[in-house]
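Student:
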Amino acid sequence: MKYYFLVIVMIFAISSQSCVDDSNPIETGYNWSTHEPFKAVYNTFSMPFSEKWNPSAEVKGTVALREASGLAYSYKNPGKLWSHQDSGNTNMLFLIDAETGEIITRYRIEGTVNIDWEDIEISNGPEKGETYLYVGDTGDNQERRGSYTIYRFKEPEYQESHSGQTITLSDLEIDKIDFEFPDGSHDTEGLLVDPVTLDIFLATKRDVVSFLYVLPYPQKTEVKDAAFKAGEFGFRETSAATSNLAGDKVLIKNRQEIFYWEKADDESMVQMLSRRPIKAPYVGEPQGEAICFDLDGNYFTVSEELNSTTRPNLYKYLKIN
Numbered sequence: 001m002k003y004y005f006l007v008i009v010m011i012f013a014i015s016s017q018s019c020v021d022d023s024n025p026i027e028t029g030y031n032w033s034t035h036e037p038f039k040a041v042y043n044t045f046s047m048p049f050s051e052k053w054n055p056s057a058e059v060k061g062t063v064a065l066r067e068a069s070g071l072a073y074s075y076k077n078p079g080k081l082w083s084h085q086d087s088g089n090t091n092m093l094f095l096i097d098a099e100t101g102e103i104i105t106r107y108r109i110e111g112t113v114n115i116d117w118e119d120i121e122i123s124n125g126p127e128k129g130e131t132y133l134y135v136g137d138t139g140d141n142q143e144r145r146g147s148y149t150i151y152r153f154k155e156p157e158y159q160e161s162h163s164g165q166t167i168t169l170s171d172l173e174i175d176k177i178d179f180e181f182p183d184g185s186h187d188t189e190g191l192l193v194d195p196v197t198l199d200i201f202l203a204t205k206r207d208v209v210s211f212l213y214v215l216p217y218p219q220k221t222e223v224k225d226a227a228f229k230a231g232e233f234g235f236r237e238t239s240a241a242t243s244n245l246a247g248d249k250v251l252i253k254n255r256q257e258i259f260y261w262e263k264a265d266d267e268s269m270v271q272m273l274s275r276r277p278i279k280a281p282y283v284g285e286p287q288g289e290a291i292c293f294d295l296d297g298n299y300f301t302v303s304e305e306l307n308s309t310t311r312p313n314l315y316k317y318l319k320i321n
């Protein structure tokens, strides 16, 4: 009887293991090599708007950057934003006052090169308890580059002595993630990080619709990494992307619209993004290429100057409590 009971227990255990759902990257460590890319189809013109934010934005001030191309809200330096410029500019990060749009400090990031920095994200990283900046050197207007780079490093801490200065940061430990797409070159302006799995997601601009690719964690830093195609959105021309630090809310924008997703229970990032989004409020900008959440669920946008002599506004969209 004892042996019969043991056999029953073993059969039950094996049966239970075979029923485990391995489709959720958060739970199991997803096998991206067998992933079937989603193809989302929806009409953005009739898409409803979220009521989570005020429909009009606050103008916090103007930003003295001609080609602002990314935005990230600082976790180590609350009340401040990180930004950068794209091709033709230096390897400089700008720390901006979130209440005024004023540039507080310029940080030159030694060990990096700005070929075409198109987006920045702040998220978790390899060391638990630390926030990391991810800078995407992924722009490629002519779609001719053979490979691309994402720089990952711990978020720098501002000191009062830095105010008004240009500071060279030469002691950062920088992970240089060189990668290539599986299907040729892409101009990519949207970058977000899943803070749970640490997978890096990239959304393209110049394809017939925006394609979504992923660099699964742990990303390689000694050799060139390979991106996997995760899916195809129902909109075009992604210019910026961001996730909150909980990983359950995502904003992706193009020049005309902002799209919003919120996770259902037990959804992975890619499962969420495969669904139809809704729109978030957007006042429109000359050439809006930057977006980020803050700590309270509000979000900011800023534009390039384009061909204007007027500085771009820093907009803040307030969450409705």
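The numbering of the sequence shown is our numbering, which starts it at 1 and goes up by one.
Glycine included, C-beta positions come from ideal geometry on N, C-alpha and C.
Helix, strand or coil for Met-272 per DSSP?
Tutor: Numbered from 1 along the sequence shown, position 272 holds the residue referred to as residue 272. If DSSP states are grouped into helix, strand and coil, Met-272 belongs with the helices.
Student: Can you give me the C-alpha to C-alpha distance between Glu-99 and Asn-313, rounded to a whole angstrom?
Tutor: Here residue 99 corresponds to residue number 99 of the sequence shown, with the count starting at 1. Here residue 313 corresponds to residue number 313 of the sequence shown, with the count starting at 1. Going by the C-alpha atoms only, they are around 12 Å apart.
Student: What's the gap between the Cα of Ser-33 and the Cα of Phe-211?
Tutor: Locating residue 33 in the sequence shown gives position 33, counting from the first residue. Locating residue 211 in the sequence shown gives position 211, counting from the first residue. Near 17 Å, if we compare the C-alpha coordinates of Phe-211 and Ser-33.
Student: Identify every residue that forms a DSSP beta bridge with Tyr-260.
Tutor: Residue mapping note: residue 260 aligns to position 260 of the sequence shown, counting from 1. Answer is Leu-251, Ile-278, bridged to Tyr-260.
Student: Compute the Euclidean distance between the alpha carbons of Phe-233 and Ile-150, then round it to the nearest angstrom.
Tutor: The residue given as residue 233 occupies position 233 in the sequence shown. The residue given as residue 150 occupies position 150 in the sequence shown. Phe-233 and Ile-150: Cα-Cα distance of roughly 22 Å.
Student: Find out if the Cβ-Cβ distance for the pair Ala-57, Lys-253 is shorter than 8 Å.
Tutor: Start at 1 with the first residue of the sequence shown, and residue 57 comes out as number 57. Start at 1 with the first residue of the sequence shown, and residue 253 comes out as number 253. Going by C-beta atoms, Ala-57 is not nearer than 8 Å to Lys-253.
Student: Need the endpoints of the beta strand (DSSP E) that Ala-230 sits in, please.
Tutor: On the sequence shown, position 230 is the one that residue 230 refers to. Start and end: 228 to 232.
Student: Using the C-alpha atoms, what's the distance from Thr-105 back to Ile-167?
Tutor: Locating residue 167 in the sequence shown gives position 167, counting from the first residue. Locating residue 105 in the sequence shown gives position 105, counting from the first residue. Cα to Cα, Ile-167 sits roughly 8 Å from Thr-105.
Student: Since Ser-50 and Ile-200 should fall inside the 8 Å C-beta cutoff, what is the C-beta to C-beta distance between them, to a whole number of angstroms?
Tutor: Start at 1 with the first residue of the sequence shown, and residue 50 comes out as number 50. Start at 1 with the first residue of the sequence shown, and residue 200 comes out as number 200. That pair is no contact at about 25 Å.
Student: Check whether the region 212 to 219 and the region 129 to 142 are in contact - that is, three or more C-beta pairs closer than 8 Å.
Tutor: Judged by Cβ distances under 8 Å, the region 212 to 219 makes no contact with the region 129 to 142, as fewer than three pairs qualify.
Student: Check whether the region 174 to 181 and the region 155 to 162 touch, using three or more Cβ-Cβ pairs below 8 Å as the test.
Tutor: No, they do not touch.
Student: Could you spell out the range, first to last residue, of the beta strand (DSSP E) harbouring Phe-179?
Tutor: For the purposes of this step, residue 179 is identified with residue 179 of the sequence shown, where counting begins at 1. From DSSP, the beta strand (DSSP E) with Phe-179 extends over 175 to 180.
Student: Please return the same chain residues whose Cβ sits closer than 6 Å to the Cβ of Asp-324, not counting the five positions on each side in sequence.
Tutor: Here the chain has residues from 1 to 321 only, and residue 324 is not among them.
Student: What three-state label does DSSP hand His-162 in the structure shown?
Tutor: Mapped onto the sequence shown, residue 162 falls at position 162. Three-state result, His-162: helix.
Student: Pick from Val-63, Gly-184, Tyr-148, Ala-230: whose alpha carbon is nearest that of Asp-97?
Tutor: Along the sequence shown, one-based indexing puts residue 97 at 97. It is Val-63 whose Cα lies nearest to the Cα of Asp-97.
Student: When you compare the CB positions of Arg-66 and Asn-91, do they come within less than 8 Å of one another, or not?
Tutor: The residue labelled residue 66 in the question sits at position 66 within the sequence shown. The residue labelled residue 91 in the question sits at position 91 within the sequence shown. Contact: no.
Student: Would you kindly work out how many angstroms separate the C-alpha atoms of Gly-164 and Leu-95, rounded to a whole number?
Tutor: Numbered from its first residue, the sequence shown carries residue 164 at position 164. Numbered from its first residue, the sequence shown carries residue 95 at position 95. If I take the Cα positions, the gap works out to 10 Å.
Student: Is the CB-CB distance between Thr-112 and Leu-192 below 8 Å?
Tutor: Locating residue 112 in the sequence shown gives position 112, counting from the first residue. Locating residue 192 in the sequence shown gives position 192, counting from the first residue. In this structure, Leu-192 does not lie closer than 8 Å to Thr-112 by Cβ.
Student: In this structure, what does DSSP give as the bridge partners for Met-47?
Tutor: By 1-based counting over the sequence shown, the position of residue 47 is 47. Looking at the DSSP assignment, Met-47 forms no beta bridge with any residue, so it has no partner.
Student: Quick check: Glu-121 and Ala-72, are their CB atoms within less than 8 Å of each other?
Tutor: Position 121 of the sequence shown, counted from the start, is the residue given in the question as residue 121. Position 72 of the sequence shown, counted from the start, is the residue given in the question as residue 72. Result yes, Cβ atoms of Glu-121 and Ala-72 sit closer than 8 Å.
Student: If we ignore side chains and look at the alpha-carbon of each, how far apart do Ala-230 and Glu-222 end up?
Tutor: Position 230 of the sequence shown, counted from the start, is the residue given in the question as residue 230. Position 222 of the sequence shown, counted from the start, is the residue given in the question as residue 222. Whole-angstrom Cα-Cα distance: 24 Å.
Student: If you draw a straight line from the alpha carbon of Lys-263 to that of Met-272, how long is it in whole angstroms?
Tutor: Locating residue 263 in the sequence shown gives position 263, where the first residue counts as 1. Locating residue 272 in the sequence shown gives position 272, where the first residue counts as 1. Those two C-alpha atoms are separated by around 6 Å.
Student: On a Cα-Cα basis, can you pick out the residue from Tyr-75, Thr-310, Val-302, Asp-294 that is closest to Trp-53?
Tutor: The count along the sequence shown starts at 1 and reaches residue 53 at position 53. Of the candidates Tyr-75, Thr-310, Val-302, Asp-294, the one whose C-alpha sits nearest the C-alpha of Trp-53 is Asp-294.
Student: Could you pull the DSSP bridge partners for Tyr-148 from this structure?
Tutor: Here the question's residue 148 lines up with position 148 in the sequence shown. Paired residues: Phe-179.
Student: Can you grab the Cα-Cα spacing for the pair Ser-74 / Leu-318, in whole Å?
Tutor: The residue you call residue 74 lines up with position 74 of the sequence shown. The residue you call residue 318 lines up with position 318 of the sequence shown. So the two alpha carbons sit approximately 17 Å from each other.
Student: So Gly-313 is in the beta strand (DSSP E); what residue range does that whole segment cover?
Tutor: Locating residue 313 in the sequence shown gives position 313, counting from the first residue. Residue identity differs from the one stated: residue 313 is Asn in this sequence, not Gly. Taken as a continuous stretch (DSSP letters only), the beta strand (DSSP E) holding Asn-313 covers 313 to 317.
Student: To the nearest angstrom, report how far apart Asp-86 and Ala-290 are at their CA atoms.
Tutor: Indexing the sequence shown from 1 puts residue 86 at position 86. Indexing the sequence shown from 1 puts residue 290 at position 290. So the alpha carbons of these two residues sit roughly 11 Å apart.
Student: Within the same chain, show all residues whose beta-carbon is closer than 6 Å to that of Leu-245, passing over the 5 residues directly before and after it, in chain order.
Tutor: Counting from one through the sequence shown, the residue named residue 245 turns up at place 245. Closer than 6 Å at Cβ, skipping near neighbours: Pro-195.
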